[in-house]
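All the letters of the sequence shown, read from the start, carry residue numbers 88 to 547 under this note's numbering.
Every residue gets a Cβ at the ideal spot worked out from N, C-alpha and C, and that includes glycine.
The model shown is predicted, which means the values in this text are computed figures rather than measured ones.
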Amino acid sequence: MTAPHLHGASAPFSVTGQHVVVMGAARSGIAAAELLTRRGATVTLSESRPSFPEADRLRALGVDLELGGHQSSTFASADLVVTSPGVPPEHVALEAARAHQVEVMGELELAWRWAQGRVIAITGTKGKSTTTTLIGRMLRAAGHDVTVGGNIGVPFSSLVEQSTPATVHVIEASSFQLETTTTFRPWIAVWLNLAADHLDRHPSLDAYGDAKARVFANQTAEDWLVVNADDADVCRRVAPARSRQVLFSLEGDSRASFVVQADRVVRRTGTENEALIPLSAVELTGRHMLNNVLAAAATTWAAGADPSAMVEGLRGFRGLEHVMEPSGEVGGVRFVNDSKATNVEAARRSIEAFDRGVVAIIGGRFKGGDLGELREALRSRGRAVVAIGEAAPLVRDAVSGVVPVTEASSMVEAVRQAYAAAQPDGVVVLAPACASFDWFGDYAERGRAFKDAVAMLGRM
Numbered sequence: 088m089t090a091p092h093l094h095g096a097s098a099p100f101s102v103t104g105q106h107v108v109v110m111g112a113a114r115s116g117i118a119a120a121e122l123l124t125r126r127g128a129t130v131t132l133s134e135s136r137p138s139f140p141e142a143d144r145l146r147a148l149g150v151d152l153e154l155g156g157h158q159s160s161t162f163a164s165a166d167l168v169v170t171s172p173g174v175p176p177e178h179v180a181l182e183a184a185r186a187h188q189v190e191v192m193g194e195l196e197l198a199w200r201w202a203q204g205r206v207i208a209i210t211g212t213k214g215k216s217t218t219t220t221l222i223g224r225m226l227r228a229a230g231h232d233v234t235v236g237g238n239i240g241v242p243f244s245s246l247v248e249q250s251t252p253a254t255v256h257v258i259e260a261s262s263f264q265l266e267t268t269t270t271f272r273p274w275i276a277v278w279l280n281l282a283a284d285h286l287d288r289h290p291s292l293d294a295y296g297d298a299k300a301r302v303f304a305n306q307t308a309e310d311w312l313v314v315n316a317d318d319a320d321v322c323r324r325v326a327p328a329r330s331r332q333v334l335f336s337l338e339g340d341s342r343a344s345f346v347v348q349a350d351r352v353v354r355r356t357g358t359e360n361e362a363l364i365p366l367s368a369v370e371l372t373g374r375h376m377l378n379n380v381l382a383a384a385a386t387t388w389a390a391g392a393d394p395s396a397m398v399e400g401l402r403g404f405r406g407l408e409h410v411m412e413p414s415g416e417v418g419g420v421r422f423v424n425d426s427k428a429t430n431v432e433a434a435r436r437s438i439e440a441f442d443r444g445v446v447a448i449i450g451g452r453f454k455g456g457d458l459g460e461l462r463e464a465l466r467s468r469g470r471a472v473v474a475i476g477e478a479a480p481l482v483r484d485a486v487s488g489v490v491p492v493t494e495a496s497s498m499v500e501a502v503r504q505a506y507a508a509a510q511p512d513g514v515v516v517l518a519p520a521c522a523s524f525d526w527f528g529d530y531a532e533r534g535r536a537f538k539d540a541v542a543m544l545g546r547m
């Protein structure tokens with residue numbers, strides 16, 4: 088449990104005296120620039136914006152800033168290039184670096200090469216953040232030295248300096264982060280599911296799945312791979328894996344070891360069932376959230392945690408902000424903020440979490456997929472849809488004829504329309520199925536706007 092991971096390299100990774108260019112000044116890029124500076128590199132941070140809030144702090148550390156665009160000559164003359172997850176791999180400046188035989192890696196790969204301890208990496212289309220958080224809580228309850236980060240908010244590069252051989256890094260890994268890995272090898276890889284998402288960035292669902300599959304590409308027979316047995320595409324893609332596979336299934340697939348039976352999560356051993364977690368200990372909204380609990384239980388079992396630590400990790404955990412977050416009740420109508428449901432599959436699961444009376448607020452900047460997949464969930468549970476943002480016409484076209492559809496020009500207007508449609512006893516769910524970047528800076532800003540509008544409604 089406490090042995091450091093091995094990269095298979097003949098010599099430790101070093102950037103001492105090298106000129107390293109970091110592309111992108113979002114959280115991951117800033118963390119990478121700071122880590123590289125501490126490790127002896129001369130760092131240039133290249134950013135398309137003319138300024139950003141952390142610029143002065145980085146200059147004080149000795150980081151050179153290239154602002155207002157990315158000069159190909161800067162990248163071509165570097166010893167190493169590190170990219171933020173938001174940067175497309177085919178960017179012209181990165182192509183210039185590769186043309187001059189400059190190694191290009193992502194921030195996740197960079198942090199992996201220096202982090203001590205072991206890594207648990209969680210990927211999937213939906214449920215990554217909740218599962219990552221649960222694994223961290225359960226392992227802490229089991230007494231392990233744990234850090235939690237990656238795509239969930241704290242860049243992996245920010246965790247490297249505090250790591251020790253005993254540290255377990257629980258890392259949420261997006262497709263954008265994984266597609267730029269080469270040696271990344273988590274001790275335990277977790278693949279929750281695969282559905283159409285980010286098709287505005289990836290050229291196809293296959294390419295998106297290929298990026299996700301990088302999570303286990305370098306694993307060996309000493310490692311673990313936790314897989315959702317209910318997802319046929321994921322199961323097909325993990326068939327070549329060399330690692331030990333552990334399957335979980337909310338639907339009770341016969342191949343799975345971790346399932347729900349009656350009122351508890353159990354581990355099936357073939358001869359008996361080991362009781363792990365009573366469902367009464369789960370305080371999350373929506374049956375689909377049990378997928379995350381099953382995945383966390385399977386992962387922490389592989390890491391050596393006992394059932395009492397799993398239960399303790401769940402204690403008091405009602406979910407993350409913007410993930411099936413109860414957001415108030417007004418006049419008998421409940422409000423739920425699932426702003427992080429940024430793809431069609433996630434939005435469908437949000438709607439299916441309720442038996443009846445659902446008014447869904449759907450829309451934003453469309454990322455691909457088939458909005459028509461929401462029709463059946465809305466047919467059996469829906470009362471109405473309020474369409475928002477750039478995708479509003481697409482939403483209307485996709486679900487018209489199943490439930491009444493109206494359009495709103497602001498979140499405040501959307502909440503008011505949804506409230507009117509949900510009366511007297513329905514539930515309003517913000518289940519966008521889209522990115523937020525048309526109206527908002529990110530999904531969190533969108534979720535806060537929803538909750539503010541609900542609070543305003545309650546004061547009327």
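| Item | Value |
| --- | --- |
| Please check the pair Thr429 and Pro290, which I expect to be a contact at CB under 8 Å, by giving their CB distance rounded to whole angstroms. | Between Pro290 and Thr429 the Cβ distance is about 19 Å, and since that is not below 8 Å, they are no contact. |
| Output yes or no for whether 8 Å exceeds the beta carbon distance between Ile207 and Gly237. | no |
| Going by C-alpha distance, which of His178, Val353, Thr307, Gly476 is nearest Met498? | Gly476 |
| With a CB to CB cut of under 6 Å and the five nearest residues on each side skipped, what residues in its chain are close to Val168? | Val108, Phe162, Ala184, Val189, Val191 |
| Could you have a look at Thr267 and say whether DSSP puts it in helix, strand or coil? | coil |
| So what does DSSP say about Gln332, is it helix, strand or coil? | strand |
| Of all the options Gly230, Asp151, Val150, which has the alpha carbon lying nearest to the alpha carbon of Gly632? | Any property of residue 632 remains undetermined from this structure, which presents the chain solely from 88 to 547. |
| For Ala474, tell me which candidate among Arg503, Gly456, Glu463 has the shortest Cα-Cα distance. | Arg503 |
| So, at 8 Å on beta carbons, what are the nonlocal neighbours of Val347 in its own chain, with the 5 sequence-adjacent residues on each side left out? | Leu337, Gly339, Val353, Leu366, Leu377, Leu381 |
| Which of the three DSSP states is assigned to Arg139 in this structure? | At residue 139 the sequence reads Phe, which differs from the Arg that was named. DSSP places Phe139 in coil when its eight states are reduced to three. |
| By the three-class DSSP mapping on this structure, what secondary structure does Met498 have? | helix |
| From Glu494 to His409, what distance separates their C-alpha atoms? | 22 Å |
| Should Gln249 go down as buried or exposed, given a rule of 16 or more other Cβ atoms within 10 Å for buried? | exposed |
| According to DSSP, is Ala316 part of a helix, a strand, or is it coil? | coil |
| Determine the closest residue to Val489 out of Leu461, Thr218, Asp143, with distance taken between C-alpha atoms. | Leu461 |
| Should Leu407 and Phe453 be called a contact, given that it needs their Cβ atoms to be closer than 8 Å? | no |
| Among the residues of its own chain, which have a CB less than 8 Å from the CB of Phe404, if the five just before and after it don't count? | Thr220, Leu221, Arg224, Glu370, Leu371 |
| Check each candidate in Leu458, Trp274, Lys427 and name the one with the smallest Cα separation from Thr254. | Trp274 |
| With a Cβ-Cβ cutoff of 8 Å, do Ala276 and Phe303 count as a contact? | yes |
| With DSSP collapsed to three states, give me the class of Glu121. | helix |
| By a C-beta neighbour count over all protein chains shown, 10 Å radius and 16 as the cutoff for buried, is Ser101 buried or exposed? | exposed |
| Nearest CA to the CA of Val333: which residue from Arg323, Ala326, Ala349, Trp311? | Trp311 |
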